[in-house]
Amino acid sequence: MRVAAVSAHFGREVEPCVAKVEAITADARAQGVDLLVFPDATIGGYLGGFDPVHDTGLPPAFPGDDPVFDRVAAAAGPVVVCLGYRESAGGRFHNSAVALTGDGVLGRHRKVHQPAGEVAAYAAGDAFTAFDTPVGRLGMLIDYDKTFPEAARTLAGDGAHLLACLSAWPASLTNRAPRLLQDRQSRLFD
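Written out as structure tokens, the structure is:
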């Protein structure tokens, strides 16, 4: 199995985000990638934007059946693509991830563990659930979810053989952590 992770900036403007996803996915398909994992907030940008002129307010929100996901599915073809977005459901908003192929949506995850401040913009998810994909049984985590061992343990207990952790760290672009290398070496973030 060939796995690829995407590290790229995705802003508030939906069309450029989707076009970038389509282009990166086409390249991944050409290289034989089976599982492609984009960052948290791929479609519509991260909660705290980088561009104070254009990234104002909250990211756009999408219902689970929004046509944007049809476009990503069409680009995905046989590749399992995981990406993050702001979900609108039942009058609430969630920091969510979707896994899909050309056959459609395979599974979703709503971020369960929220750091301080996110509760003002997102409702927390309430479950870690694995689902079947062409590359095996998969579970997804979003950013801070990975900090808590029970998240991965719960997904493994649900039969997940793979975990896709969608993560974005926008502060690392604007305010680099002075101890980042030391923290990684000491496994501070595990």
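Residues in the sequence shown are numbered consecutively from 0, following numbering that gives the first Met the number 0.
Backbone N, C-alpha and C define an ideal beta-carbon position, used for all residues, glycine too.
Taking the straight line between their C-alpha atoms, what separation do you get for residue i and residue j?
i	j	result
A73	H93	24 Å
S95	D144	12 Å
G124	Q113	9 Å
A159	V97	16 Å
T146	Y45	19 Å
F68	A88	15 Å
R70	A126	27 Å
G90	A122	10 Å
P148	L154	10 Å
Report back the beta-carbon spacing between residue i and residue j to the nearest angstrom; my notes put them in contact at under 8 Å.
i	j	result
A60	R85	5 Å
I141	D39	5 Å
G116	A129	G116 to A129, Cβ: 29 Å. No contact.
L162	A151	6 Å
V80	I42	That pair is no contact at about 12 Å.
R11	P58	6 Å
Between residue i and the rest of its own chain, which residues show a CB-CB distance below 7 Å, the 5 nearest in sequence each way excluded?
i	result
A27	A3, L35 and V78
A75	T24, L99, T100 and G101
G103	A72
Excluding the 5 residues preceding and the 5 following residue i in the sequence, name in chain order all residues of the same chain whose CB lies nearer than 6 Å to its CB.
i	result
F37	V5 and L82
For the beta strand (DSSP E) that residue i lies in, which residues bound it at each end?
i	result
F92	R91 to T100
A119	Run containing A119: none; DSSP gives neither H nor E here.
G83	V79 to A88
A4	V2 to A4
G111	According to the sequence provided, residue 111 is Val. The question's Gly does not apply to it. Here V111 belongs to no beta strand (DSSP E), and DSSP marks it neither H nor E.
Could you pull the start and end residues of the alpha helix (DSSP H) that residue i belongs to?
i	result
A72	P66 to A75
Counting only beta-carbon separations shorter than 8 Å, does residue i have a partner in chain D?
i	result
H112	Absent here is chain D; the protein component of the structure consists of one chain.
- Query: In chain order, which beta strand (DSSP E) runs of at least 3 residues are fully inside the region 12–63?
  - Reply: Entirely contained in the region 12–63, the beta strand (DSSP E) runs reaching 3 residues are, in chain order, 34–36.
- Task: Can you check the region 132–164 for any beta strand (DSSP E) of at least 3 residues that lies completely inside it and give the ranges in chain order?
- Result: Along the length of the region 132–164, whole beta strand (DSSP E) runs at least 3 residues long occupy 135–141, reported in chain order.
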